[in-house]
Every structure is written in structure tokens, then in C-alpha cells.
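All remarks here apply to the structure that follows.
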Amino acid sequence: MAFLQAVAKKGETSTKRRSLLPYLLLLPGMVWLIFFFLLPILTLVSTSTKTPGLGIGEFDQTYRFANFWDALVNSHTQFLRSFVYAGIATFAALLIAYPLAYAIAFKSGRWKNVLLVLVVAPFFTSFILRTIAWKQILGGQGIGFKALVWLHIVGADSHVTASTFAVIAGLTYNFLPFMTLPLYSSLERIDPRTMEASGDLYANALTTFRKVTLPLSMPGVVAGTLLTFIPAAGDYVNAEILGNPNTKMIGNVINSRYLQIVDYPTAAALSFTLMVAILIVVTLYIRKAGTEDLV
Amino acid sequence: MGDASTSAKGDLKLSNLTKSFGDFIAVDNLDLVIPEGSFFALLGPSGCGKTTTLRMIAGLEEPTAGSIHVGATDITYERPYKRPVNTVFQNYALFPHLSIFENVAFGLRRRGIKDVKEQVDKVLDLVELPHLAERKPNQLSGGQQQRIAVARAIVNRPALLLLDEPLGALDLKLRRQMQIELKWIQTEIGLTFVHVTHDQEEAMTMADTIAVMNEGRIEQMGSPADLYDNPKTTFVANFLGQSNLIKGSIESNGADSLVVNLFGQKIGVPRARSSAKDSSILVGIRPEKLRILPEGEATHGNILPGGVISDVSYIGVSTQYQVEMPWGQELMVFEQNDDGIAPLDKGDRVTLSWEPIFTFGLDGREDATAGSEVHVDEEE
């Protein structure tokens, strides 16, 4: 009897230990999140309602919520522009990445891994360097510009850099891998036999794509568009390097408020608003895409 | 749509059908007629070309040469979605994002059929799963998915239903049950079924006609009983069931029967059942046709004395013996446990005998082991 109790007790402690394990595993991540996400967010929120103090860079907490209103009144153009640019860039990236991911997943044979490495290869150099390179490429002597002229998309005497086109092109280019990889991974998971079955059941190639391939790749489409749209909406590097004063995005405003004007409260208010706005857009989008069993 | 998908009917005819992948010839100059309404099995080991043949009929592979006709309609280069052919895929390939109802309705909707609901309900009744219509495929068991895969194909009433190892993913018991159901469905709706399998028992249970394929060619074609009783090659003799093949030489050639010398013993082989080309012959006897008796007991028919039992396995309905013959070869004997006599023991000296009419003769120059090393359960 005592033996049985001992066994039962041993079982108890081991289930107890097992029930603690998930929390132990969560601990490092939680600590990280508290220090590098939660605390900065709280600092950000508290900074956003401060007003200038006596010296430069000194601010007092006065709970001035009108900071948000002022910031929006002054920067709503850039705000809207950010979302429009990010939206167009996301759509363009989807149009480019889908055929690319499709080809890698289904048509590349033994080149698959090489092609995947090539998709990621741009990450081996710095984001800023690559964006500066685009300035050269789209500049008057660059091959990108010459190609556009040759294709009669732009006139030989026009400017491509320092334009809306250049900023959106830069955004599209820079976030393309974030679109391609999730698309690839969800396309690659599709059993090619389901596509054969579709053809076998009287669907031509286009119908097979519409009714089978695309719906089955929706998790990748949603993940890819989110991974592209979110960083693109907050980006300032592309607008800084490839744009002009009339293509400034909200990231540029935050950047200059923070570093040049040293207006921390406004920068914080804009950052927080941007975060909330993205959250709302993304929530609406996921609702609409209706993929509850996503990612 | 006035294309072949609805109009073509009749026998399936493959003429000189060839498919090569680089240097590898998967299907080698195949000629085959599959009569309308039959249950036809393409049986063979992995890599014998049976699946490639099926995929060419479905339009999923393009033949290197040759042609495919359904009735008078040439469908050799027709697009898959324009063929009067539907396929039950190996792992069913149901559409995971669609409900069972929409899976089954898929083909009907693509062809713009009007009474979709009625037809889908009818075929779901046929496979006895009408209550699952609103489920998703991953909520179904393997056997249920298999039936839905069949329903999704037959709802279109194709001239030809192709089944690619349709039962391979099911466990043994379910497989037996589905064999009977598939056969019943085929009889019920009267479509032509072309069934690809590596499982000889599956082929023999269901098919009217079996074509045994090996290395891209058809070794032999016939009814299950005909193939079993009269194999024409060592591959067929070994792949379909088991065979004892003993090397011998023909000593005299009678009107009805050959006299063959098997390591000194003279035995008779019906002339009509021998495909030996010259005096060199492989004499074949199925293990259940052999009688096994303790040495010295009187027997009749063809007799091979001097055997020693090297292994005994008792498996309920029968006992399987391995008997080592004086020339070193091991023969297999299956004996029904219906006589109330205790099985013989290992080491016992025995005489084997059988009725001459059960003997078949094969070309003595063939490889006696062809087809025997192929493991029946391997997946393709």
C-alpha cells in the first residue's frame, strides 16, 4: 500500500513538473518581450503626452493628449501617403512574387534550393546600401533607367529618381523576399495531385488556379502581404533615399521629429498612432481574408 | 461542350504506346484493348510502367509514341480536362479547402451541369456517406476519403474510370472491404474501370481481366484463373501466387502430353500447357497442388521421391512445408488441414506427387526466379 502511494505521489510530482515546463520555456521570451517591447512601448506612450521643459531635450509629463491631435493635423498627408505607398508596393510585390514562388515551388526541379538562396541573397548586404544602389540604377546613367526608356515606359529626358515611382519601386524591391518566402512555403505544401485532380475533373489551367491553387495558397498570400505591408508602412529609408520632399512618408516625419527637431512627444505620438492604425488595418484585413486556420 | 469529355464512348485502345524518360523506357510499345464495361487490372511491381500507362490515359503524361483511343475518338494528345476519363488518385487528392459536397460537385460544376445537388446526393448515397456532405476532407477517415475520391470521379459518368493504387493507403481489413465495394460499384454503374496495383490478390479479387506488366511490357493478359493456372512466363508464375519451378528436359513429345526428365524422374506435362521452345523446360507446379506423403506410401500421378522436410509452418487452414529435394532445390507444399492427421515433422523423409494435369511448362532458358523477389507490399 505504501508502495502504491509512493508511486502515486511520484506520478503527481512528475505531472506537476511537466505542467511547469511550458512556463519555464516561455520565460526567456517573456523577459525579452518585457524589456525590449513592453517597457519601450510604455515609455513611448508616456512620452507622447509630455510637453517641452526648460532645456532642449527635456520634457515634463503633463498628460497633454492634444499632442496626438496636433500631430495628426500636421502629418495626416504623410500618414495617408504611407498607407497608399505601402498598399501599392504590397500589391506589386504580390504580383511579382506569386509567379516567382510558383515557379520555384513547382517548376524549378533541382534548382529549387539555388533559387531560394537567390531570393534571400539581397539580405547579405545592407538594406541601406541596396537602396542607395537603386538610386544609381534608376539614375540618368543607370541600367534600370535605360531599360525603362528602352521599354518606352519613360521618356529619355525624364527623371525616375526622386519620385513617387522610385519610392514605391524601392519598397516593392526591399520587401519582396518577405512576400516570396511565405508564398513559396504555402505553395510548396500543396499536393500537386490536387491540381492534377482538378484538371482531371474538367478544369482548365486558369480554373484550376482560381479554384484550387489560389485558395490553397491563401495562407501564404495573407502572411506575405502582412510581412510586406507592415514594415513598408513604417519605412523611411526608401522615401529618404529615393524620394523627394513631396514623397515623405510617416516614417520620415517621425525620424525628423525625433532626430532633427528633437520633438520627442510628437514623434512618440505619431509612432503610437502608426502602430494602432496598422493594427486596425491588419485586423480588418484578416477578418476579410477569413483565414482562421492561418499560418 | 461538344468535346470528347462527354461524347466519346467505347473500348479503350492503346496502340504502340511508348513512354521514355531520357534513356529509361517506362512503357515499351504497349498494345492493349480494354473492352467497354470491364474491370481491368494492370498488375506489376513498382517501376513496371503501370502508373505511367495510367497517367498517359488520364492525360497527365504525354506519350513518346503511339496512340490512345476511346471508341473511335483519338485522345492521345487531348488535354486532361477534355478527356472522358476520371481518376481516383493514389492518395485521393481531395481538395482540402472544399467540403465533401463541393469536392464531389467539382467536376459537375466545371461542366455547367444543372442538377448538381441531385447528382451529388445520389452518388453520396451510393458510397453510403450522405451524412458527411458538409465535412472537410481532413475530418474523414482513410476509408471514407477513399470512397469520396471514388464518388468525386464516378459522379461524372466518365467512359473510363482510372484507379491508381486506390487501396494502397488502407489497412488490410479495410482494403478487403473496399475491394468488394469497388467491385459492387463497378457492377452497379457499369463503367469501365482500369485499376493499377502491385497487389496480386487485389487484382485477382476485383478484375475480370488482368494484364501483368514487367519492365514496360505486358508479360501476359487473361482472367485471374487463366493467369494463375496457365502462366506463360516465370515472372507471371512467381508474381501471381507462388510456384515451384523445376528444371528438366523433354524426352518425348506425345500427342497430348510431354514426357519430361526431372533429375532422373519421368513425369508428364500436358502439351497444351507447355510454352517450352525446345527440349529445355521449367516444370511448374503450384504449392497447393502437391501431395506430401511419408516415404514408402503408395501414390500416383507424377511422383518425386526422396524429399526431406526442412521447414514446417502450421497456419490454421493449411500447413506449409519446405521440402529439400535430392538435387538441392527446396520445393513448397501447401496442405489443407482437412484430414485430421497430424502434420509431418521437420526431418521426415517424404514423397511428393501430383496430378499431371496441374503441371505447366515454361521455356527452360528463362530465369526461374524472375518476379519472385518482388515484395508485394512495397509502395510505389
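Protein sequences appear in the order of chains P and H.
Per the numbering used here, residue 1098 is the first one in the first sequence, and the count goes up by one each step.
Per the numbering used here, residue 3 is the first one in the second sequence, and the count goes up by one each step.
Glycine included, each C-beta is placed from N, C-alpha and C at the ideal position.
Predicted model, so just to flag it, every value in this text is computed and none were measured.
On the DSSP bridge assignment, give the partners of residue i in chain order.
{"i": "R293 of chain H", "result": "H:S355"}
{"i": "N216 of chain H", "result": "H:R219"}
{"i": "P1362 of chain P", "result": "Paired residues: none, contrary to the question."}
{"i": "M334 of chain H", "result": "H:Q324"}
{"i": "P272 of chain H", "result": "H:S259"}
{"i": "D313 of chain H", "result": "H:Q324"}
{"i": "S48 of chain H", "result": "None; S48 of chain H has no bridge partner."}
{"i": "D365 of chain H", "result": "H:I283"}
{"i": "L247 of chain H", "result": "H:G286"}
{"i": "S22 of chain H", "result": "H:I27"}
{"i": "T211 of chain H", "result": "H:F42"}
Kindly list, in the order they appear in chain P, the residues whose Cβ is closer than 9 Å to that of residue i.
{"i": "Y83 of chain H", "result": "S1295, G1296, D1297, L1298, Y1299, A1300, N1301, A1302, T1304 and T1305"}
{"i": "T75 of chain H", "result": "In chain order: nothing, as chain P lies at least about 16 Å away."}
In the structure shown, what three-state DSSP assignment does residue i receive?
{"i": "Y1299 of chain P", "result": "coil"}
{"i": "E253 of chain H", "result": "strand"}
{"i": "V129 of chain H", "result": "coil"}
{"i": "A43 of chain H", "result": "strand"}
{"i": "I59 of chain H", "result": "helix"}
{"i": "L1123 of chain P", "result": "helix"}
{"i": "M1319 of chain P", "result": "According to the sequence shown, residue 1319 of chain P is Val rather than Met. Three-state result, V1319 of chain P: helix."}
{"i": "K1232 of chain P", "result": "helix"}
{"i": "M3 of chain H", "result": "Caution is warranted here: a pLDDT of 40 is assigned to M3 of chain H, below 50, making its placement in the model unreliable, and the coordinate value is therefore given only provisionally. Of the three classes helix, strand and coil, the one that applies to M3 of chain H here is coil, per DSSP."}
{"i": "Y79 of chain H", "result": "coil"}
{"i": "L1226 of chain P", "result": "helix"}
{"i": "Y230 of chain H", "result": "helix"}
{"i": "A372 of chain H", "result": "coil"}
{"i": "N240 of chain H", "result": "helix"}
{"i": "S17 of chain H", "result": "strand"}
{"i": "P383 of chain H", "result": "As shown, chain H starts at 3 and ends at 382. That puts residue 383 of chain H outside it, with no answer to give."}
{"i": "G68 of chain H", "result": "strand"}
{"i": "I1377 of chain P", "result": "helix"}
{"i": "L264 of chain H", "result": "strand"}
{"i": "F1306 of chain P", "result": "helix"}
{"i": "D30 of chain H", "result": "strand"}
{"i": "G114 of chain H", "result": "coil"}
{"i": "G224 of chain H", "result": "strand"}
{"i": "V90 of chain H", "result": "strand"}
{"i": "F97 of chain H", "result": "coil"}
{"i": "P307 of chain H", "result": "strand"}
{"i": "E104 of chain H", "result": "helix"}
{"i": "V1246 of chain P", "result": "helix"}
{"i": "E299 of chain H", "result": "coil"}
{"i": "I1383 of chain P", "result": "helix"}
Residues of chain H with CB under 8 Å from residue i, in chain order?
{"i": "T1461 of chain P", "result": "Because chain P in this structure spans residues 1098 to 1392, residue 1461 of chain P falls outside the shown range and cannot be described."}
Identify the contact partners of residue i in chain P, using a Cβ-Cβ distance below 7 Å as the criterion.
{"i": "L14 of chain H", "result": "Within chain P, no residue comes near L14 of chain H; the closest Cβ sits about 16 Å away, beyond 7 Å."}
{"i": "F26 of chain H", "result": "Within chain P, no residue comes near F26 of chain H; the closest Cβ sits about 17 Å away, beyond 7 Å."}
{"i": "F108 of chain H", "result": "L1298"}
Just the chain P side, please: which residues come within less than 8 Å of residue i by C-beta, in chain order?
{"i": "N2 of chain H", "result": "Outside the modelled stretch of chain H, which goes from 3 to 382, sits residue 2 of chain H, for which no answer is possible."}
{"i": "F195 of chain H", "result": "Correct list: empty, because the minimum Cβ distance to chain P is about 15 Å."}
{"i": "F103 of chain H", "result": "Residues of chain P passing the Cβ test: none, with the nearest at roughly 14 Å."}
{"i": "F23 of chain H", "result": "By Cβ distance, chain P contributes nothing, its closest Cβ being about 13 Å from F23 of chain H, past 8 Å."}
So with CB distances below 7 Å, who are the chain H contacts of residue i?
{"i": "P1316 of chain P", "result": "Under the 7 Å cutoff, chain H gives no residues; its nearest Cβ is about 10 Å from P1316 of chain P."}
{"i": "V1309 of chain P", "result": "F97"}
List the residues of chain H that residue i touches, going by C-beta distances under 9 Å, in chain order.
{"i": "P1312 of chain P", "result": "F97, H99 and L100"}
Minimum length 3: unbroken beta strand (DSSP E) runs contained in the region 141-205 of chain H: The region 141-205 of chain H contains these whole beta strand (DSSP E) runs: 162-166 and 194-199.
In chain order, each alpha helix (DSSP H) run of at least 4 residues that lies wholly inside the region 1144-1216 of chain P: Within the region 1144-1216 of chain P, the runs of alpha helix (DSSP H) at least 4 residues long that lie entirely inside it are, in chain order, 1163-1199.
Residues in the region 47-68 of chain H having any Cβ partner in chain P nearer than 9 Å: Residues of the region 47-68 of chain H with a C-beta less than 9 Å from any C-beta of chain P: R57, A60, G61 and L62, listed in chain order.
Residues of the region 110-127 of chain H with Cβ closer than 8 Å to any Cβ of chain P, in chain order: For chain P, the residues of the region 110-127 of chain H that bring a beta carbon within less than 8 Å of one of its beta carbons are R112 and R113, in chain order.
Near-chain H residues of the region 1262-1290 of chain P (beta-carbon distance less than 7 Å), N- to C-terminal order: Cβ contacts with chain H come from D1288 and R1290.
Runs of alpha helix (DSSP H) lying entirely within the region 1328-1353 of chain P, each at least 4 residues, in chain order: Listed in chain order, they are 1334-1339 and 1347-1352.
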